[in-house]
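To keep things clear, I will list the structure first and then write my remarks on it.
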Amino acid sequence: MEDVPSHARVPQFILFGDSLTEWAFDEHNEGFGWNLEQKYEAKVQIPDPRRLMENYSYTSTRLLPDYDRIITQATAPNAPRTLLFTIFLGANDACFIGETEYVPLSTFEANIRKFVETILVQDAMADTKVVLITPPPINIPSPDAKDKDENEMRKTNQAKREMRGYKTYMSKKRYAKRIMQIAQEYEETGRVIGLDFWGDLVRARLQDFGEEYKADKLPGSGLYGARDFGEGYFTDGLHLDKKGYNVLSRSLYSAVLSKWPELSPDQL
């Protein structure tokens, strides 16, 4: 039997990332991979990332060999066309290990640029659209402010800002900002967008309470005066639960169709 030409096969979306992408195919938490599968049923195939990657729960650096293998598969003769490629990294890279990030910001940036450039120069992926998704914040439980006076809370917050948890929280914000800057630089290609999931998740939680954005009271920061994300957003301090993934699914679908309406399920 002859191979089916690539243009005649059901096209694919590739979701590339760490454990936040691996868990995204779980129906129980309504991950963004699962959500896309529902929307694009019979229109697009979305390979199970557990069959594509070996280094879940790791960093952009540890995933370099997996990425090269995925690109080789996606550009092979008779491979299905890759319409969309999401890159969702930074959750582990930005974590503080001792006094520094697990993967320094400059190295993280170089890795992300490599991922994007590799796709853009592939003839077999000339129509592939890329979404760079920022890492979300972490969720540090809010301290109990009962019986604490303002001066005591202020001093405690100063001390908390020097701790690993808060440093990681703010590090995620820096890495998210860098992702958006990188995406902006590739805007003229018409093939790359950034998705500020860090900001979307923070805004969603603030909206729950009708609160405004205040830099010293960001949800999940663990400071006195700040709320945590509450039930349903995270399964732990790092991994997303149903509400968190719902925010990502809505934002991703909206961003993709706004930029590339031809990727609507109705158009495929």
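If you use the numbering used here, the sequence shown corresponds to residues 116 to 383, in order. Just so it is clear, CB atoms sit at the ideal spot from N, CA and C, and this is done for glycine as well.
*Which residues in the same chain as residue 131 place their Cβ atom closer than 6 Å to its Cβ, once the five residues preceding and following it in sequence are excluded?*
As a first step, residue 131 is located in the sequence shown; it is residue number 16 there, counting from the start. Excluding sequence neighbours, residue 131 sits near 202.
*Does the region 328-345 touch the region 234-246, meaning 3 or more C-beta pairs lie closer than 8 Å?*
No, they do not touch.
*Opening and closing residue of the alpha helix (DSSP H) in which residue 316 lies*: Taking the sequence shown and counting its residues from 1, one reaches residue 316 at position 201. Residue 316 -> alpha helix (DSSP H) spans 312-323.
*Tell whether a beta-carbon distance below 8 Å holds between residue 200 and residue 159.*
Your numbering for residue 200 matches position 85 in the sequence shown. Your numbering for residue 159 matches position 44 in the sequence shown. Their beta carbons are not under 8 Å apart, which means residue 200 does not touch residue 159 by this criterion.
_Span of the alpha helix (DSSP H), counted from its first residue to its last, around residue 147_ = The count along the sequence shown starts at 1 and reaches residue 147 at position 32. Element bounds for residue 147: 147-154.
*For residue 140, which of helix, strand or coil comes out of DSSP?*
Taking the sequence shown and counting its residues from 1, the one referred to as residue 140 is at position 25. Looking at residue 140 - three-state DSSP - the assignment turns out to be helix.
*Answer with buried or exposed for residue 389, where buried requires no fewer than 16 other C-beta atoms within 10 angstroms of its C-beta.*
The chain is shown only over 116 to 383; residue 389 falls outside these bounds and no answer can be derived.
*Is residue 119 buried or exposed, if buried means 16 or more other CB atoms sit within 10 Å of its CB?*
Your numbering for residue 119 matches position 4 in the sequence shown. Summary for residue 119: the model assigns pLDDT 48, below 50, so the residue's position carries little reliability, and this model does not support an answer.
*Would a C-beta distance cut-off of 8 Å place residue 189 and residue 133 closer than the cut-off?*
Sequence index remark: in the sequence shown, residue 189 carries index 74 (1-based). Sequence index remark: in the sequence shown, residue 133 carries index 18 (1-based). Their beta carbons are not under 8 Å apart, which means residue 189 does not touch residue 133 by this criterion.
*What residues in its chain sit with their C-beta under 6 Å from that of residue 346, if we drop five residues either side in the sequence?*
For this step, residue 346 is matched to residue 231 along the sequence shown. None.
*What is the residue span of the alpha helix (DSSP H) that residue 372 lies within?*
The residue labelled residue 372 in the question sits at position 257 within the sequence shown. First-last of the alpha helix (DSSP H) with residue 372: 357-374.
*Identify the continuous beta strand (DSSP E) that holds residue 132 and give its terminal residues.*
As a working mapping, residue 132 is identified with position 17 in the sequence shown. Looking at the DSSP string, the run of the beta strand (DSSP E) that includes residue 132 is 127-132.
_Nearest-angstrom Cβ-Cβ length linking residue 182 and residue 223, presumed shorter than 8 Å_ = Here the question's residue 182 lines up with position 67 in the sequence shown. Here the question's residue 223 lines up with position 108 in the sequence shown. Rounded, the Cβ-Cβ distance is 14 Å, inconsistent with contact.
_Exposure of residue 193, with buried meaning 16 or more beta-carbon neighbours within 10 Å_ = In the sequence shown, counting from the first residue as 1, residue 193 sits at position 78. So residue 193 counts as exposed.
*Indicate whether residue 249 and residue 310 have their beta-carbon atoms separated by less than 8 Å.*
Locating residue 249 in the sequence shown gives position 134, where the first residue counts as 1. Locating residue 310 in the sequence shown gives position 195, where the first residue counts as 1. Residue 310 sits close to residue 249, with the two beta carbons spaced by under 8 Å.
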